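Colleague:
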Amino acid sequence: MEFTKKIDEVRKFVRQWKKEGLSVGFVPTMGYLHDGHKSLIEKAVKDNDKVVVSIFVNPMQFGENEDFNDYPRDIEHDKKICFDAKADLIFNPDASEMYGDNFYTFVDMNIITKGLCGKSRPIHFRGVCTVVSKLFNIVNPDKAYFGQKDAQQLAVIKKMTEDLNMNIDIIGCPIIREDDGLAKSSRNVYLNNEDRKAATVLNKSLNIGKISINGGEKSVEKVKKIIENEILKEKNTKIDYVEIVKWPNLEPIDVIEKPILAAIAVYIGKTRLIDNFILE
Ligand code: PAF
Numbered sequence: 087m088e089f090t091k092k093i094d095e096v097r098k099f100v101r102q103w104k105k106e107g108l109s110v111g112f113v114p115t116m117g118y119l120h121d122g123h124k125s126l127i128e129k130a131v132k133d134n135d136k137v138v139v140s141i142f143v144n145p146m147q148f149g150e151n152e153d154f155n156d157y158p159r160d161i162e163h164d165k166k167i168c169f170d171a172k173a174d175l176i177f178n179p180d181a182s183e184m185y186g187d188n189f190y191t192f193v194d195m196n197i198i199t200k201g202l203c204g205k206s207r208p209i210h211f212r213g214v215c216t217v218v219s220k221l222f223n224i225v226n227p228d229k230a231y232f233g234q235k236d237a238q239q240l241a242v243i244k245k246m247t248e249d250l251n252m253n254i255d256i257i258g259c260p261i262i263r264e265d266d267g268l269a270k271s272s273r274n275v276y277l278n279n280e281d282r283k284a285a286t287v288l289n290k291s292l293n294i295g296k297i298s299i300n301g302g303e304k305s306v307e308k309v310k311k312i313i314e315n316e317i318l319k320e321k322n323t324k325i326d327y328v329e330i331v332k333w334p335n336l337e338p339i340d341v342i343e344k345p346i347l348a349a350i351a352v353y354i355g356k357t358r359l360i361d362n363f364i365l366e
């Protein structure tokens, strides 16, 4: 497995692979890798001849009062996960390599970035679209892999590649969970013991919502209330949002007709966690 911090080096590797007729899969990450990321890398390894993993905590997608400085980082641990999953190249640039001194260009998206996470994180998706566009231009992959845990991000990236005619297949991969149902996330490390137990309420409340939909409930308002009530049974929680929207265009709906995305963001203490399910 190769490791580089330099854009030119990534390009050199990929140019050589493409010359040899090899396909290239790409897994963009912010590091502190867990089994969710590992499953993306393993899927990419299965589908492609070569796999690049980027590890870059992108300052542009964090708001002023968000956790950029505290975001967990452990590059040695990340290298091991990538190695075990059989990645071929890690790209771990510094911010100066990605943005230089004068950076004036942004990739932004309307409509589907305004609800859900975009409501409480107004600059987030501009940062995500900009950095992912840059990474796509650097790595030039055939396929790129994103987890469904960030369902809105997955929808946004798919739309961006469509709108900007990027010739890259975007592959969505299932949420990987702990044994008690908590979705794997780098931010789970922020949870103390008590919060960790409380955090299972995200998945629990979504499951209860799913049961009511599968039982025939069609009212978005009613299912949202069921999910909210379940979350609020757990003390130390604060709801950022509970939403049910059309999948994958994230349009607001009143009546449940598949495909739909049910997505939630909840503060457990100070830690904001997200989770969702999609009914196709
Ligand atoms: O999902 C993430 O980890 C990040 O948003 C991504 C896609 C790597 C862009 O920084």
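The numbering of the sequence shown is the working numbering, which starts it at 87 and goes up by one.
For glycine and all other residues, C-beta sits at the position ideal for the given N, C-alpha and C.
Just so we're clear, the structure is a prediction, and the values are computed from it rather than from any experiment.
Report the option in 358, 100, 325, 259 whose CA atom is closest to the CA atom of residue 152.
Modeller: Checked all of 358, 100, 325, 259; the closest Cα to residue 152 is 358.
Colleague: Looking at the C-beta of residue 200, does it have a partner C-beta in chain B at a distance below 9 angstroms?
Modeller: Considering every chain present, this structure includes no chain B. It has just one protein chain.
Colleague: Taking 9 angstroms as the threshold (C-beta atoms), are residue 342 and residue 350 in contact?
Modeller: Cβ distance not < 9 angstroms, so residue 350 and residue 342 don't count as in contact.
Colleague: If you reduce the DSSP assignment to three classes, tell me which class residue 153 lands in.
Modeller: Residue 153 falls in the coil class under three-state DSSP.
Colleague: Does the segment 178-187 come within contact of the segment 296-316, defined as at least 3 CB pairs closer than 8 angstroms?
Modeller: At 8 angstroms Cβ cutoff, the stretches do not touch.
Colleague: I need the DSSP call for residue 109, collapsed to helix, strand or coil.
Modeller: Coil, per DSSP.
Colleague: Which residues count as close to the ligand PAF when the rule is a CB under 6 angstroms from any of its heavy atoms, in chain order?
Modeller: Having a Cβ closer than 6 angstroms to some heavy atom of the ligand PAF are 114, 115, 116, 144, 147, 214, 217, 218, 236, 239.
Colleague: Look at the alpha carbon of residue 287 and the alpha carbon of residue 97, and state the distance between them as a whole number of angstroms.
Modeller: Computed Cα separation, rounded: 44 angstroms.
Colleague: Touch check for the segment 159-171 and the segment 111-124: three-plus C-beta pairs under 8 angstroms?
Modeller: Output reads yes: the segment 111-124 touches the segment 159-171.
Colleague: Closer than 6 angstroms by C-beta to residue 262: which residues in its own chain qualify, once you throw out the five before and the five after it? Chain order, please.
Modeller: Closer than 6 angstroms at Cβ, skipping near neighbours: 121, 122, 125, 270.
Colleague: For the segment 307-327 and the segment 215-225, state whether three or more C-beta atom pairs, one from each stretch, are separated by less than 8 angstroms.
Modeller: Touching, no.
Colleague: What would DSSP say about residue 213, mapped onto helix, strand or coil?
Modeller: Residue state, collapsed to three classes: helix.
Colleague: Among residues of its own chain, excluding the 5 on either side of residue 258, which ones have a beta-carbon nearer than 7 angstroms to its beta-carbon?
Modeller: So the list reads 232, 234, 240, once near-sequence residues are dropped.
Colleague: Residue 286 lies in the beta strand (DSSP E); which residues open and close that run?
Modeller: Neither: residue 286 is in no beta strand (DSSP E) and is coded neither H nor E.
Colleague: Any idea if residue 191 is buried or exposed, counting beta-carbon neighbours within 10 angstroms, 16 or more meaning buried?
Modeller: Answer is exposed; the Cβ neighbour count stays below 16.
Colleague: Using a Cβ-Cβ cutoff of less than 6 angstroms, which residues in the same chain neighbour residue 48 once the five nearest sequence positions on both sides are dropped?
Modeller: The displayed coordinates of the chain run from 87 to 366. Any statement about residue 48 would go beyond what the structure contains.
Colleague: Which partner residues does residue 88 have in the DSSP bridge list?
Modeller: Bridge partners of residue 88: 175.
Colleague: Check whether the Cβ of residue 222 sits closer than 8 angstroms to any heavy atom of the ligand PLP, and report yes or no.
Modeller: The ligand PLP is not part of this structure, which contains only the ligand PAF.
Colleague: Which residues bound the beta strand (DSSP E) around residue 196?
Modeller: Neither: residue 196 is in no beta strand (DSSP E) and is coded neither H nor E.
Colleague: Helix, strand or coil: which one does DSSP assign to residue 223?
Modeller: In the structure shown, residue 223 sits in a helix (DSSP, three-state: H, G or I).
Colleague: Would the beta-carbon of residue 103 fall within 9 angstroms of that of residue 135?
Modeller: It is a contact, given that the beta carbons lie within the stated cut-off.
Colleague: So the candidates are 164, 87, 106, 129; which of them puts its Cα closest to the Cα of residue 272?
Modeller: Closest by alpha carbon: 164.
Colleague: Nearest to residue 218 by CA position, among 198, 204, 139, 243, is which residue?
Modeller: Residue 218 has its Cα closest to that of 243, out of 198, 204, 139, 243.
Colleague: Can you tell which of 354, 317, 309 has the C-alpha that lies nearest to the C-alpha of residue 347?
Modeller: Nearest C-alpha to residue 347: 309.
Colleague: By DSSP, does residue 145 sit in helix, in strand, or in coil?
Modeller: Residue 145 falls in the helix class under three-state DSSP.
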